[in-house]
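The structure appears below as structure tokens.
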Amino acid sequence: MKSLFLCHLRGSMAHISFGALIYSYVIQACYRLVGTIFYHRVSYTHLKIYVYAICAQWSFAILQLLPIILGNNQIYIKHEYLCQIAFENSKAIGYLCVTNYLIPLTIIMIIYYKITRSVREKENNGTYRYNIHRARRQVVLTQRILILILVLLVLGGPYSTFIILEALSIRRAPSYAHRIGFMFIAIACASSIITIIYFTQSVRKMIIEFLSIKKKSLQMNELQPLNSIRNMELTPKRMPPSTTDDT
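Start counting the sequence shown at 6; every next residue gets the next number (my numbering).
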């Protein structure tokens, strides 16, 4: 009974954490929208706005539990050894797909469209003619938002495919559909972190410096025992004092 409760708890936490991850991408996109288009409005850069945004992020993440709380739709899947909502439950899966995938993806795509249109209009008007650094910064920001969209597509690709096939009765979801989806989530999260590190020069420089310091410390630790052995070999050995009989 206790293990089943922990299984359902892990399944619920998986929904909450996934929702928090997706909507954190929305907050990042909104932050870049403010920094690109509405940077002259000081009220949009106030700390209170971002506190409200984080509260809204976790509120939307907790709302992912509505199908589980109201309908008790989460079941124990024996062959996958986890507790999740079955793909046959079209209403609960559809709710999660809309709130956890379609809405955030639509918001980020709208933000990406607004940023790219603003950058192109300002480049055509000559606004960035005397500010090359700012123009390059806008290009980098739009590239990062595009990466977020690609990550979201990878995140929701397998689940969306399984849901569409199941809803249209074309083909049943494979036996390990949830585990396949979790594998794509892990790969997408790792790839998003790697791409962010690649595009952020300061973070990349800090990691390279940390690795170089770590490598030097390891080399020093390896040389210390070798030096001590050499010193022991070079030091002359003292002969023990000879004992003479008085008689």
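Where a beta carbon is used, it is the ideal one built from N, C-alpha and C, also for glycine.
These numbers come from a predicted model, not from an experiment.
In this structure, Ile98 keeps its C-beta atom at 8 Å or more from the C-beta atom of Cys88.
Going by DSSP, Ile90 is part of the beta strand (DSSP E) stretching over Leu87 to Ile90. The beta-bridge partner set that DSSP reports for Tyr81 consists of Cys88.
If you compare the alpha carbons of Ile67, Ser48 and Tyr28 with that of Ala58, the shortest gap goes to Tyr28. The Cβ-Cβ distance between Pro163 and Ile192 does not fall below 8 Å.
About 14 Å separates the beta carbons of Thr121 and Ile152, which is beyond the 8 Å limit, so they are not a contact pair. Contact between the region 10–17 and the region 58–68 is not established, with fewer than three Cβ pairs separated by less than 8 Å. By the neighbour-count definition (other C-beta atoms within 10 Å, threshold 16), Phe65 is a buried residue. Tyr44 carries a coil assignment under DSSP once its states are collapsed to helix, strand and coil. Lys119 and Phe43 have their C-alpha atoms spaced approximately 11 Å apart.
Here the alpha carbons of Tyr117 and Ile202 stand approximately 20 Å from one another. Straight-line measurement puts the Cα of Val145 at about 42 Å from the Cα of Cys12.
Within the same chain, and ignoring the five residues on either side of Val156 in sequence, the residues whose Cβ sits closer than 6 Å to its Cβ are Ala193 and Ser197.
Of the other Cβ atoms in all chains shown, fewer than 16 fall within 10 Å of the Cβ of His45; this residue is therefore exposed. Taking a contact to require three or more Cβ pairs closer than 8 Å, the region 28–42 and the region 101–116 qualify as touching.
Nearest to Phe204 by alpha-carbon distance, out of Arg149, Leu158 and His51, is Arg149. With contacts defined as CB atoms closer than 8 Å, Tyr49 and Val56 fail to qualify as a contacting pair.
Taking a 10 Å sphere around the C-beta of Ala195, we find fewer than 16 other C-beta atoms and assign the residue as exposed. Between Ile21 and Ile67 the beta-carbon gap is near 6 Å, inside 8 Å, which marks them as a contact. Residue state for His183 is assigned as helix, using DSSP reduced to three classes.
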